[in-house]
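Anchor point for the sequence shown: position 150 equals 156 in the working numbering, and the numbering is continuous, going up by one each time. These notes concern the structure reproduced below.
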Amino acid sequence: MRVGQNPAKFVKEVAKPARITVAVLNYIPFISGFYAEMMDVLKACLDSIQSSADLPYDLMVFDNGSCDEVKKWLMNEQDVGRIQYLFFSEKNLGKGGAWNSILSGAPGEVIAYSDNDCLFSKGWLSRSVEILEKYPNVGMVTARPFRTNDEYKTSTIQWAEGTSGVQVERGNFIPFDVFREFDLSLGQSEEEIRQHYDSSTDIRLTYQGLQTIIGASHWQFVAYKNTLSQFLPFTMDRPMGQVRQLDMRINASGYLRLMPVEPYVMNMSNTTRVNLGGSSIRDQQITKTKIFEFPLIKRALLWMYNWIFRIYYSN
């Protein structure tokens with residue numbers, strides 16, 4: 007038998023979510039080894055979102071089975087009002103499983119997704135939304151130009167070449183230093199970066215006075231929630247390595263994949279040894295001890311690391 011009246015009956019209105027949900031996927035299973043600096047990387051990521059986003063938004067963090075230290079810090083961030091939606095998974099669901107929850111559960115009409123190692127600069131959100139709204143049938147916008155897989159550009163190229171009023175240009179439109187700073191974050195050598203740059207080109211579009219570069223990527227993107235919902239659920243049997251399913255599905259469905267001509271986001275990877283005053287890591291590359299790059303030694307050490315990780319953290 008009910009005792010008294012539910013106080014919620016007397017609440018006259020409820021909070022309305024922001025149109026944009028900025029959603030960050032986080033996974034830090036321990037604070038050592040590869041993840042030694044990841045707490046600082048996560049903090050830099052969230053700080054850069056909060057200091058540079060120039061449109062109203064709610065922040066959502068989905069934690070994919072992190073250690074207690076990380077969880078406590080995130081709960082405190084929510085307690086002080088810097089995180090509006092906070093979700094914890096007991097186990098690592100992989101990126102596919104996390105996307106199923108994030109992309110279906112984010113309350114905003116627009117989802118601005120980010121891995122936990124992205125560093126944003128002023129203007130990233132408004133410029134991404136401008137492209138999303140001005141170009142037709144956009145599937146995803148990534149907030150920096152870099153050279154992506156040609157296989158996933160076909161629908162955008164087809165639209166651009168078949169639509170009147172669209173200017174299509176091919177050439178080296180991404181400055182080499184902008185190109186280089188991103189590829190350095192992926193662990194590429196100077197020689198590999200130069201070879202990649204010299205052997206590839208950009209496709210630049212101008213539509214209704216707004217320039218873009220063809221391409222986008224799963225590690226950071228802005229998209230309409232109702233567009234993303236068409237590609238759910240994702241089935242991935244590994245935590246990483248299958249994330250290009252999103253890029254492939256968006257292209258295969260005829261949606262555009264675009265980037266601004268200016269860089270507004272940087273990939274920090276697993277270290278904060280970047281220029282946090284901006285978004286550049288030019289001329290900064292971690293020097294590795296040459297002996298550890300010897301193929302036999304490198305292979306043995308990576309095998310050992312993977313073996314230890316599986317013992318303690320595989321489900």
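Built from N, CA and C at the ideal position, the CB exists for glycine as well.
Report the rounded CA-to-CA distance for E197 versus F182, giving the unit in angstroms. Position 191 of the sequence shown holds residue 197. Position 176 of the sequence shown holds residue 182. Their backbone Cα atoms lie some 13 Å apart in a straight line.
For P23, which residues in the same chain have their Cβ closer than 7 Å to its Cβ, ignoring the five residues on either side in sequence? Taking the first residue of the sequence shown as position 1, residue 23 is located at position 17. Contacts found: D64, P113, G114.
Label T218 either buried or exposed according to how many other C-beta atoms from any shown protein chain fall within 10 Å of its C-beta, with 16 as the threshold for buried. Counting from 1 along the sequence shown, the entry for residue 218 is found at position 212. Under this definition T218 is a buried residue.
With a cut-off of 8 Å on the beta carbons, I'd call S72 and I34 a contact; round off their distance for me. If you number the sequence shown from 1, residue 72 lands on position 66. If you number the sequence shown from 1, residue 34 lands on position 28. S72 to I34, Cβ: 5 Å. Contact.
In terms of alpha-carbon separation, which member of F240, S195, S259, R210 lies closest to L99? Locating residue 99 in the sequence shown gives position 93, counting from the first residue. Of the candidates F240, S195, S259, R210, the one whose C-alpha sits nearest the C-alpha of L99 is F240.
Going by DSSP, which residues form a beta bridge with L265? For this step, residue 265 is matched to residue 259 along the sequence shown. In the sequence on display, residue 265 carries Met and not Leu. M265 pairs with I219.
Please state whether DSSP places D60 in a helix, a strand or coil. Sequence index remark: in the sequence shown, residue 60 carries index 54 (1-based). Coil at D60, not helix or strand.
T162, enclosing alpha helix (DSSP H) - first and last residue: As a working mapping, residue 162 is identified with position 156 in the sequence shown. Its alpha helix (DSSP H) spans residues 160–168.
Mind checking which residues open and close the beta strand (DSSP E) that includes D208? For the purposes of this step, residue 208 is taken as residue 202 along the sequence shown, with counting starting at 1. 208–213 is the extent of the beta strand (DSSP E) around D208.
Looking only at its own chain, which residues have a Cβ that is under 6 Å from the Cβ of I81, when we skip the five neighbours before and after it? In the sequence shown, the residue the question calls residue 81 occupies position 75. Looking at the sequence shown, residue 81 is not Ile but Met. For M81, where only same-chain residues beyond five positions count, there are no Cβ hits under 6 Å.
Report buried or exposed for V144, applying the criterion of at least 16 other Cβ atoms within 10 angstroms of its Cβ. Within the sequence shown, numbered from 1, the residue matching residue 144 stands at position 138. Result: buried.
Tell me, to the nearest whole angstrom, how far the beta carbon of Y158 is from that of N257; I am working on the premise that it is less than 8 Å. As a first step, residue 158 must be located in the sequence shown, where it is residue number 152. As a first step, residue 257 must be located in the sequence shown, where it is residue number 251. Their Cβ separation, rounded to whole angstroms, is 4 Å, which keeps Y158 and N257 in contact under 8 Å.
Could you give the DSSP three-state label for I37: helix, strand or coil? Residue numbering aside, residue 37 sits at position 31 when the sequence shown is read from its first letter. DSSP, read as helix, strand or coil, puts I37 in coil.
Cβ-based neighbour list, S275, same chain, cut-off 7 Å, excluding 5 preceding and 5 following: For this step, residue 275 is matched to residue 269 along the sequence shown. Same-chain partners within the cutoff: D123, S191.
Beta-carbon contacts of W225 that lie in its chain and below 6 Å, excluding the five residues immediately before and after: Mapped onto the sequence shown, residue 225 falls at position 219. Result list for W225: D121, in chain order.
Please say whether P151 and V30 have beta carbons closer to each other than 8 Å? To locate residue 30, count along the sequence shown from 1; it is residue 24. To locate residue 151, count along the sequence shown from 1; it is residue 145. For V30 and P151, no; Cβs fall outside 8 Å.
In whole angstroms, give me the CA-to-CA distance for M265 and A21. Along the sequence shown, one-based indexing puts residue 265 at 259. Along the sequence shown, one-based indexing puts residue 21 at 15. If you take the alpha carbons of M265 and A21, they lie about 33 Å apart.
Check whether D74 and N32 have beta carbons under 8 Å apart: Stepping through the sequence shown from its first residue, residue 74 is reached at position 68. Stepping through the sequence shown from its first residue, residue 32 is reached at position 26. No, the pair does not count as a contact, with Cβ atoms beyond the cut-off.
Rounding to the nearest angstrom, what Cα-Cα distance links R200 and G260 in this structure? By one-based count along the sequence shown, residue 200 stands at place 194. By one-based count along the sequence shown, residue 260 stands at place 254. Rounded to the nearest angstrom, the two C-alpha atoms are 32 Å apart.
Below 8 Å on the Cβ atoms is my contact criterion, and I expect I137 with L216 to pass it. Report the Cβ-Cβ distance as a whole number of Å. In the sequence shown, residue 137 corresponds to position 131, counting from 1. In the sequence shown, residue 216 corresponds to position 210, counting from 1. The Cβ separation is near 7 Å, so the contact holds.
Which two residues bound the contiguous beta strand (DSSP E) that contains D121? What you label residue 121 is simply residue 115 of the sequence shown in a count that begins at 1. Looking at the DSSP string, the run of the beta strand (DSSP E) that includes D121 is 116–121.
Contact set for G284: own chain, Cβ-Cβ below 7 Å, skip 5 residues either direction: Reading the sequence shown from its first residue, position 278 is the one you call residue 284. Caution applies to G284, whose pLDDT of 38 falls short of 50 and renders its modelled position unreliable; the value that the coordinates give is listed next. Closer than 7 Å at the Cβ level, and outside the excluded window around G284, lie S127.
Neighbour-count burial assignment, G221, 16 or more Cβ in a 10 Å radius: Taking the first residue of the sequence shown as 1, we reach residue 221 at position 215. It is buried - the Cβ of G221 has at least 16 other Cβ atoms within 10 Å.
Rounded to whole angstroms, what is the Cα-Cα separation between M146 and M310? Within the sequence shown, the letter at position 140 stands for residue 146. Within the sequence shown, the letter at position 304 stands for residue 310. Distance between the alpha carbons of M146 and M310: 38 Å.
For I314, count neighbouring C-beta atoms within 10 Å of its own C-beta (all shown protein chains included) and say buried if the count is 16 or more, exposed if not. Stepping through the sequence shown from its first residue, residue 314 is reached at position 308. So I314 counts as exposed.
Looking at V174: is its Cβ nearer than 8 Å to the Cβ of I209? Here the question's residue 174 lines up with position 168 in the sequence shown. Here the question's residue 209 lines up with position 203 in the sequence shown. Yes, Cβ-Cβ distance for V174 and I209 is below 8 Å.
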